[in-house]
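Residues in the sequence shown are numbered consecutively from 0, following numbering that gives the first Met the number 0. Where is the CB? At the ideal position from N, CA and C, for every residue including glycine. Structure first, commentary second.
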Amino acid sequence: MSIRRILPPLTVLLLLSLAAWAHTYHASILEMRFNPGKQRLEMALKVFTDDLEKDLSQNQPAPIRTDQLTRAQLDPLLLNLLRREVQFSIRPGAAALPLTLVGLQKESEAYWLYFTAPLPAATTGVTLRHQLLLALFPDQMNIVNLTANGQKQSFLFRNGEETQQLKW
Numbered sequence: 000m001s002i003r004r005i006l007p008p009l010t011v012l013l014l015l016s017l018a019a020w021a022h023t024y025h026a027s028i029l030e031m032r033f034n035p036g037k038q039r040l041e042m043a044l045k046v047f048t049d050d051l052e053k054d055l056s057q058n059q060p061a062p063i064r065t066d067q068l069t070r071a072q073l074d075p076l077l078l079n080l081l082r083r084e085v086q087f088s089i090r091p092g093a094a095a096l097p098l099t100l101v102g103l104q105k106e107s108e109a110y111w112l113y114f115t116a117p118l119p120a121a122t123t124g125v126t127l128r129h130q131l132l133l134a135l136f137p138d139q140m141n142i143v144n145l146t147a148n149g150q151k152q153s154f155l156f157r158n159g160e161e162t163q164q165l166k167w
């Protein structure tokens, strides 16, 4: 029995359109939490696997496939990517804060990268330069959700808007 006999034609067309559209947009989501007890930012970044692999493969002799690497091989690549593309500073023009990769989680089509950044005492905000995948995809959107002091704020980073002030 054909799928067309089971589903109405419009539903079939919609399903086929959704399958083709499955990854025609480019986005990442960065969930950030200010932890005042540990005086640091704790973050989880979700990025599509194919986009991540394309970025990691730049300037490499062969394409990088994350599923073919051990954690010992993958972690330094991911940390270098984060340090290059997601930079925090305590004020504009200041040195980038050090990032520590604390883990990762693979989903069906994406990765969650978990990392932290220490903050100086009494910090009430940071400058974030978030340009992950912007050079590769003109339509890339990097969404940032910040939770600090019981407040939640959202920010959008894209070409032309790579750097923003985050205050809490």
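Following the DSSP letters along the chain, one finds residue 128 inside the beta strand (DSSP E) bounded by residues 124 to 129.
Secondary structure at residue 38: coil, using DSSP grouped into helix, strand and coil. If you compare the alpha carbons of 50, 150, 146 and 34 with that of residue 135, the shortest gap goes to 50. In the structure shown, residue 71 adopts helical secondary structure according to DSSP, grouped into three states.
Checking the DSSP bridge columns, you'll see residue 102 partnered with 113. Around the beta-carbon of residue 27, 16 or more other beta-carbon atoms lie within 10 Å, marking it buried. Inter-segment contact for the segment 65 to 76 and the segment 157 to 165 is absent: fewer than three beta-carbon pairs are separated by less than 8 Å.
Bridge partners of residue 78 according to DSSP: none are assigned. The C-alpha of residue 161 lies about 15 Å from the C-alpha of residue 144. As a beta-bridge residue in DSSP terms, residue 151 pairs with 146. The continuous stretches of alpha helix (DSSP H) do not include residue 107, and DSSP gives it neither H nor E. Between residue 98 and residue 114, the gap from beta carbon to beta carbon is short of 8 Å.
Here the C-alpha atom of residue 132 lies approximately 19 Å from the C-alpha atom of residue 104. Rounded to the nearest whole angstrom, the CA to CA distance from residue 139 to residue 35 is 31 Å.
Judged by DSSP secondary structure, residue 23 falls outside any beta strand (DSSP E); it is assigned neither H nor E.
Remark: C-beta atoms of residue 86 and residue 39 do not approach each other more closely than 8 Å.
Secondary structure of residue 161 (DSSP, three-state): coil. Assigned with DSSP and collapsed to three states, residue 135 falls in coil, not helix or strand.
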